[in-house]
Every structure is written in structure tokens, then in C-alpha cells.
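Everything below concerns the one structure shown next.
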Amino acid sequence: MVELDADLDHIVPSVLPPFWAKLVVGFISLLCFARSYDGDFVFDDSEAIVNNKDLQSDTPLGDLWHHDFWGSKLSSNTSHKSYRPLTVLTFRINYYLSGGFHPVGFHVVNILLHGSISILMLDVFSVLFGGLQYTGKGQRVHLAPRASLLATLLFAVHPVHTECVAGVVGRADLLCALFFLLSFLGYCQALKETGNKEGTHSSTFWVLLSIFLGAVAMLCKEQGITVLGLNAVFDILVIGKLNILAAVRKVLHKNKSQENTGMFKNGGLLFRIALLTIGGTSMLYIRWKIMGTGPPAFTEVDNPASFADSMLVRAINYNYYYSLNAWLLLCPWWLCFDWSMGCIPLIKSVGDWRVIALAALWLCLIGLIFQALCSEDSCKRRILTLGLGFLVIPFLPASNLFFRVGFVVAERVLYLPSAGYCVLLTFGFGALSRHTKKKKPVAAIILGILLINALRCVIRSGEWRSEEQLFRSALSVCPLNAKVHYNIGKNLADQGNQTAAIKYYREAVRLNPKYVHAMNNLGNILKERNELQEAEELLSLAVQIQPDFAAAWMNLGIVQNSLKRFEEAEQSYRTAIKHRRKYPDCYYNLGRLVRAGSPSFPSQYPDCYYNLGRLYADLNRHVDALNAWRNATVLKPEHSLAWNNMIILLDNTGNLAQAEAVGREALQLIPNDHSLMFSLANVLGKSQKYKESEALFLKAIKANPNVASYHGNLAVLYHRWGHLDSAKKHYEISLQLDPVAVGTKENYSLLRRKLEQTQKKDV
1 MVELDADLDH IVPSVLPPFW AKLVVGFISL LCFARSYDGD FVFDDSEAIV NNKDLQSDTP
61 LGDLWHHDFW GSKLSSNTSH KSYRPLTVLT FRINYYLSGG FHPVGFHVVN ILLHGSISIL
121 MLDVFSVLFG GLQYTGKGQR VHLAPRASLL ATLLFAVHPV HTECVAGVVG RADLLCALFF
181 LLSFLGYCQA LKETGNKEGT HSSTFWVLLS IFLGAVAMLC KEQGITVLGL NAVFDILVIG
241 KLNILAAVRK VLHKNKSQEN TGMFKNGGLL FRIALLTIGG TSMLYIRWKI MGTGPPAFTE
301 VDNPASFADS MLVRAINYNY YYSLNAWLLL CPWWLCFDWS MGCIPLIKSV GDWRVIALAA
361 LWLCLIGLIF QALCSEDSCK RRILTLGLGF LVIPFLPASN LFFRVGFVVA ERVLYLPSAG
421 YCVLLTFGFG ALSRHTKKKK PVAAIILGIL LINALRCVIR SGEWRSEEQL FRSALSVCPL
481 NAKVHYNIGK NLADQGNQTA AIKYYREAVR LNPKYVHAMN NLGNILKERN ELQEAEELLS
541 LAVQIQPDFA AAWMNLGIVQ NSLKRFEEAE QSYRTAIKHR RKYPDCYYNL GRLVRAGSPS
601 FPSQYPDCYY NLGRLYADLN RHVDALNAWR NATVLKPEHS LAWNNMIILL DNTGNLAQAE
661 AVGREALQLI PNDHSLMFSL ANVLGKSQKY KESEALFLKA IKANPNVASY HGNLAVLYHR
721 WGHLDSAKKH YEISLQLDPV AVGTKENYSL LRRKLEQTQK KDV
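Just so we're aligned, residue 1 is where the sequence shown starts under full-length UniProt numbering, counting upward by one.
Here's what the structure looks like:
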């Protein structure tokens with residue numbers, strides 16, 4: 001648009017060549033988020049990457065097409081249904097190239113993706129502002145270099161993008177945006193190829209390529225399919241030059257001229273829209289079939305407005321959420337990693353003052369929509385239509401209009417809509433510059449926005465470097481968010497600061513009295529501090545609120561076991577197993593290895609079978625204990641503690657041959673486990689297989705040389721074997737490591753007496 005670029009002449013005084021403009025945009029976009037390059041895996045990264053087996057080479061590549069974003073089977077009722085196999089594939093490539101879970105490589109890819117998208121935005125904004133008019137040589141007439149550069153800079157430095165760039169799981173949004181833009185540009189190429197000859201083969205190819213790229217975008221994140229809707233709006237309202245106001249006037253005046261229906265007789269347009277419709281419908285159908293079951297099940301804490309009984313309350317709160325998203329685009333200073341769990345209290349009546357926010361939002365939107373559809377200026381219509389299209393259409397999957405979503409507000413879903421905001425803001429600055437004689441204040445405002453946003457990007461990227469900084473940064477934004485307090489408590493518990501963790505867990509439970517995960521983790525800490533009564537009360541309340549909460553049942557069993565209420569403990573363990581059939585460790589000793597701050601997921605609680613075995617062992621029900629531990633190792637073959645307990649129990653009950661067989665089986669599965677080497681070495685020593693026992697003891701000591709019992713038991717072996725000098729050496733090493741070991745002291749004294757007697761005989 002020549003007029004808009006002229007209006008911005010005093011704000012963006014020089015026109016950079018395309019190459020240099022892209023170089024500047026790329027450099028600035030990388031600079032804003034470079035601080036996050038060496039950050040940790042934080043928040044959702046743990047589940048989507050670190051605990052996702054789909055990233056590892058032993059998982060067949062074909063499984064990616066049957067699993068959700070978090071590595072669960074799509075057919076499972078507990079699946080999140082987020083189907084993003086191409087994003088997971090890039091994580092897997094990252095894992096392979098990095099040689100493991102080294103976050104630097106993952107972060108660098110995200111930063112480079114944002115830089116690439118920002119550069120691509122220059123071409124997209126050039127189309128939005130300059131249109132698709134071509135010369136006879138096929139070159140575009142209006143490139144709108146000033147407007148497109150300003151809009152791209154506003155996009156590149158927008159702080160709301162930090163979650164997508166600095167959080168590794170945000171790659172789904174980045175990849176989706178990349179292919180979304182490529183699909184849009186491909187569709188623009190189709191419109192160029194049509195020229196005056198509608199329906200050419202070349203045009204059809206570009207439309208089909210655009211649909212394919214839209215499908216690729218959808219396989220990166222579900223939001224990608226909306227590009228087909230944007231392409232259709234672009235074709236009908238911009239290329240088809242549909243003027244809503246003129247059409248309404250002609251209908252009202254019953255004007256039957258051919259001009260009214262000319263657009264609908266355009267065979268090329270109808271053909272392209274038909275292709276988009278067929279492509280979009282096919283993608284949705286295939287996506288629905290792949291999901292296997294219905295939509296994912298979310299809880300009230302994830303999205304409280306969607307569970308409101310009143311349709312009016314739901315509508316008011318949904319619109320309030322839209323206004324909050326708009327505010328994050330306008331003023332991205334208050335950013336939070338999570339906006340659920342009381343962060344945004346429900347509006348329950350129209351008397352709530354916050355209704356003003358949604359009224360203001362709709363006044364602005366209605367004004368913009370009216371100008372976009374009814375303006376006599378075709379350039380203005382194009383810019384406002386596409387600005388609103390980019391703002392609204394990619395946001396629709398997160399709007400709760402078509403299905404319930406699992407969040408209240410999520411900064412990551414604003415990555416693509418922010419492009420529309422940048423178009424509207426640039427257009428607004430052009431209008432402001434046109435109607436004011438003083439250009440320098442406008443230029444100063446724009447420069448100030450760019451600098452402030454860039455600074456905010458740098459600060460926010462630093463906050464995403466570690467979970468501690470990320471969680472604490474949310475306290476000032478969402479002090480009423482129970483999840484914020486829970487995550488700070490979890491982080492403190494992981495660091496061993498249980499006293500501080502208790503404070504935050506208690507606050508999380510106070511803010512959300514039904515927060516069962518906070519109750520479970522608080523109960524774990526209290527259990528470790530031997531505050532068993534309160535721990536039992538919390539865990540009992542947790543399973544009362546959520547009866548299928550297997551981890552809480554498991555931990556309740558541990559507490560009841562500690563209180564010597566064995567029958568209740570057994571029942572709690574069995575209830576945990578019933579609700580989590582593949583709970584690897586419920587049969588061992590449920591909670592011995594559970595960290596107080598760990599999230600309550602099956603993969604984090606490998607002790608239910610293990611703990612049940614411990615309970616049976618304490619009750620001298622040895623056969624039941626062995627069966628429980630065997631079940632634990634069947635479900636989780638690398639469960640070292642369950643294997644060890646089987647070996648030790650069989651050893652203590654005199655079943656040396658069976659103990660040896662179990663030990664050898666365990667070492668075949670876990671060949672480098674020094675504790676298993678130690679246990680099997682003890683059994684072999686008692687079976688007088690001294691040479692093999694010695695080899696295992698020495699191997700265990702090499703793996704972990706500072707364990708006193710390893711040296712002490714090897715000394716006992718040498719003592720029995722008659723290698724007294726070697727026995728003396730290892731007794732002394734053992735006592736250096738553990739000077740108060742009574743058994744080792746007694747054995748060492750016996751050895752010294754024997755050595756003295758031997759010396760006397762020799763004399």
C-alpha cells in the first residue's frame with residue numbers, strides 16, 4: 001500500500017534492500033531470545049522430552065504416529081490427544097544429534113526457528129500491506145517495505161513469544177507457524193499463477209501444495225489447519241474483492257445486476273475454495289479417526305469457566321479470557337507460565353467490574369470488523385481483513401467455541417495471532433502519522449515500544465532458564481494460582497529444603513482445597529519427617545476427593561504401614577494397584593523411593609508393588625513378598641531394589657540356589673548395577689564359590705569404592721577362604737569408611753587373633 005508506506009516515511013526513513021532487511025530482522029530476533037540458549041528443561045519439558053520414550057532410539061519410529069505429544073497411546077482414555085508427531089520427530093533428531101538429553105541443542109533449534117519465522121514474516125507482511133498486483137513481467141507492484149519491516153520488527157521482539165522460544169515444548173507452535181506461513185505464501189503463489197486464466201494446472205499445483213503444507217502444520221500442532229480458513233478469507237474478501245457494504249446495499253435495493261453475483265460465477269475462485277474445503281474436511285476426518293476415542297477429558301481446575309452451569313457465565317468468562325489475551329498482546333509485561341487454578345477468578349455476574357474489559361474488546365473488534373468489511377478503500381479493507389484474519393482465525397482452536405480446551409490463558413497460542421496484532425498496530429501507526437504533523441513523537445513511541453519489548457524478551461528469557469526463576473516470577477503475576485505455589489514447593493523439595501517446601505504446599509492447598517497433588521506431596525514430606533498423623537489425614541482426603549489417585553493410595557499405605565496398621569496398608573496398596581494396573585512398584589514398598597516433590601504420575605512412583613512386598617516381608621509372608629517383587633520386575637525389569645530384595649530374602653531363608661538364579665537373571669538385565677553384584681557375591685560366597693564371588697565383589701568395589709559394606713563383606717569372603725592378608729586389608733579399608741560398624745570390628749578382632757596365633761605357631 002503506497003499510502004501507508006508514505007505515512008511511515010518519517011518513522012522508517014530509509015528503505016533497506018530485502019537482503020539487509022532480513023539480516024537485520026534475523027539478528028534482532030535471535031538477540032532477543034539468545035539468553036535462553038543454555039537454559040534447563042523446565043516445566044512441561046520434563047514430561048514431553050525427558051520422560052518421553054518416543055525420543056529414544058529403542059522406540060520404533062512408527063510409534064510416533066500412534067502416540068500423543070507426551071508419548072502416551074492416542075487410544076488411551078488418559079491421552080491428552082495432542083497429536084504432533086512431526087514435532088516429536090524433531091525432538092528425537094535433537095536427542096540423537098546431542099547424544100542425549102542436553103538442553104542446549106534443543107534451545108538453539110527453537111531460537112533459530114523463531115529467527116527463520118521472523119524473516120519469513122517480511123514476505124508475509126509485504127503481501128498483507130502491498131497486495132498481489134503484478135507487472136507484466138510477474139513482479140509485484142507494491143512491496144510496502146517500510147510497513148512490512150516495522151510489522152516484522154514488532155513481531156520479532158514481542159515478549160509473548162518467550163514461552164514458545166525459551167520453553168522447548170514451544171517448538172510445536174514454532175513449527176506450526178513456519179508451515180502455516182509457507183502454506184499462506186504458497187496460496188499467494190497460486191493466485192499469481194491464475195492471472196487472467198483461471199484454473200490453470202500451475203495454480204492447482206500451488207493450491208494443493210498449500211493444503212499439503214497446512215497438513216504438515218497441523219501435524220506439528222493442531223492450530224495449523226486454520227491456515228486453510230485464512231486462505232479462503234484472503235481469496236474471497238481480498239482477491240475476489242467482495243465488498244460487504246456494497247453487497248448489502250444492492251440486496252436492500254434489490255439490484256439484480258451481474259456485478260452482485262460476478263464473484264460467485266468466478267470458476268477459478270469456486271474451484272480453489274472447493275479444494276480448500278475438501279482438503280480441510282479430509283484432514284479433520286483423518287485427525288478424528290487417529291484420535292481413536294472422544295476428545296480429551298479435562299478437569300475443572302484446568303478450565304473452570306467451561307464447567308460453569310450457566311451458559312451466560314460461560315460466555316462472559318470466555319469473552320473475558322479473550323480480553324486478557326488481547327491485553328497480553330498490547331501490554332506483555334505481566335507474563336506467567338500458567339494461568340489456571342484460581343489465577344483468574346470466575347466472573348459470576350454482569351455486575352463484576354471486569355465486564356468492562358470484554359465490552360471494550362468487542363467495541364474495538366466491531367469497529368475494526370466494520371471498517372474491514374465495509375470500507376470503500378480496497379487497500380484498507382485488505383489490510384484490516386488480513387490483520388483480523390491473522391489475529392482471530394489461528395486463535396479459534398483455543399477459543400472454547402468448538403470444544404473445551406485444557407487451559408484458561410496460554411501465551412503460546414498467541415504466537416501466530418500476534419502477527420495479526422502487528423499488522424493492525426502498524427496500520428494504526430500509519431494512520432496516526434497521517435493525521436499528525438509532528439512525526440518525531442510517533443517515531444519515538446514506536447522506537448520505545450521496540451526497545452522495551454526487546455528488553456522484556458531478554459529478561460523473560462532469563463526467567464525461563466531454570467524452574468526456580470520461572471516459578472518465582474509467577475508469584476507477582478498470579479499470587480492466587482495454587483499451581484505456582486505447588487511448583488515452587490516441588491522445586492524446593494527437590495533441592496532438599498523441606499521446611500520451605502511445606503510452606504508453599506500448604507498455601508497451594510489453602511488456595512485450592514481440592515488440589516490432590518499438593519496434598520500428596522505434602523503428605524510425603526510429613527511422612528519423611530515422621531509426622532504420620534497429619535500425613536495420613538492429607539492422603540486420606542486426597543483419595544476421598546479423587547478415588548482413583550493411585551499415587552496417593554500408595555503413599556497412604558506407606559503411612560499406615562509405619563503406624564503398624566498392616567491390614568489397612570495392604571488394602572491401600574491393593575487399591576493403588578487396582579487403579580494403576582501397570583504401576584511398576586506398588587508391589588515393593590510403596591514410597592521408599594518416592595521424592596516428596598515429584599509429580600504424581602506412574603512413571604515417577606515405581607514403588608507400589610515394591611512396597612507391598614516390603615509389607616509382606618515385615619509380616620513374614622515370604623511367598624507373598626517374593627510374588628510381589630517378581631510382579632514389580634515383570635512390569636519394570638530394571639527395578640534394582642525389587643531384584644535385590646528377592647535375592648536377600650531368598651539368601652536369608654537359606655534358598656541359596658534360587659537366590660543365585662535370581663541374582664544371575666537380574667545381572668543379565670542390569671549388568672552394571674553394583675548393588676546386585678554385591679548381593680549375588682554374598683550368595684556365591686556362602687555357596688563356597690569363592691573365585692566367582694571375589695570377582696563380583698571387586699567389580700562392585702570398582703564401580704563404587706566408598707561403600708564400607710562392600711569391603712567388609714569381601715574381607716569376610718577372604719577370611720573364610722583363608723586369604724588372611726587380603727581379608728585384613730579390606731577390613732581396615734571398611735573401618736576407615738565406617739569406623740562404628742560393629743560386625744566389621746568383631747570380625748577384624750577375630751582375624752587379628754587368628755593372625756597372632758598363626759605367628760606364635762610359626763615362632
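Note that the Cβ used here is the ideal one computed from N, Cα and C, for glycine as well.
Put simply, of G496, G685, A681, A372 the residue whose alpha carbon is nearest the alpha carbon of K699 is A681.
When DSSP assignments are scanned along the region 147 to 222, the uninterrupted stretches of alpha helix (DSSP H) that are 4 or more residues long and fall wholly within it turn out to be 162 to 166, 171 to 194, 201 to 220. Check the Cα spacing between V160 and each of C336, I278, P17: the tightest is with C336. Around G115, the same chain offers G26, S29, L30 as residues with beta carbons nearer than 6 Å, after the five sequence neighbours per side are excluded. Only residues of its own chain outside the window of five on either side were considered, and among them F33, R35, S36, T162, A166 have a CB closer than 7 Å to the CB of S461, listed in chain order. Under the three-pair Cβ rule at 8 Å, the region 143 to 151 counts as touching the region 127 to 134. About 6 Å separates the CB atoms of Y320 and I347; that is less than 8 Å, so the two are in contact.
Bounds of the alpha helix (DSSP H) holding E568 are 566 to 579. The beta-carbon distance between A372 and L363, rounded to whole angstroms, is 15 Å. This is too long to meet the 8 Å contact definition. In the DSSP assignment, the residues bridged to H67 are K73. Considering only A326, R381, P547, W70, the residue with the shortest C-alpha distance to A359 is A326.
Where C374 is concerned, the enclosing alpha helix (DSSP H) starts and stops at 355 to 374. Short of 7 Å from the beta carbon of L432, and not among the five residues preceding or following it, lie these beta carbons of its own chain, in chain order: V442. If you look at P345, you'll find it isn't in any alpha helix (DSSP H); DSSP assigns it neither H nor E. Per DSSP, P85 is one residue of the alpha helix (DSSP H) stretching across 85 to 98. DSSP lists Y134 as the bridge partner or partners of R140. For the pair A232 and Y134, the Cα-to-Cα distance works out to about 21 Å. Between the alpha carbons of L735 and L511 lies a gap of roughly 52 Å. Here R565 is not near G170, since their CB atoms are 9 Å or more apart. Pairing L328 with I452, the inter-Cα distance amounts to about 14 Å. Comparing alpha-carbon positions, the option among I49, S76, P85 lying closest to L61 turns out to be P85.
Linking V251 to S375 through their CA atoms gives a straight-line distance of about 17 Å.
Contiguous beta strand (DSSP E) elements confined to the region 681 to 712 do not occur, taking only those with 3 or more residues. Pairwise C-beta distances place the region 73 to 82 out of contact with the region 272 to 288, as fewer than three of them are shorter than 8 Å. Per DSSP, the continuous alpha helix (DSSP H) segment holding V227 begins and ends at 226 to 233. At a Cβ-Cβ threshold of 9 Å, I211 and L276 count as neighbours.
Pairing A500 with G489, the inter-Cα distance amounts to about 7 Å. With at least 16 other beta carbons inside 10 angstroms of its own, Q546 counts as buried. Per DSSP, the continuous alpha helix (DSSP H) segment holding D494 begins and ends at 482 to 494. Rounded to the nearest angstrom, the Cβ distance from G557 to N620 is 18 Å, too far for a contact under 8 Å. In this structure, the straight-line span from the alpha carbon of Q189 to that of D123 is close to 12 Å. If you draw a straight line from the Cα of A715 to the Cα of V662, it is about 24 Å long. For K81, the secondary structure class from DSSP, reduced to helix, strand or coil, is coil. Inclusion of L717 and Y748 in the CB contact set at 9 Å is not warranted, their separation being larger than that value.
In terms of Cβ geometry, V707 and L737 form a close pair [threshold 9 Å]. S340 carries a coil assignment under DSSP once its states are collapsed to helix, strand and coil.
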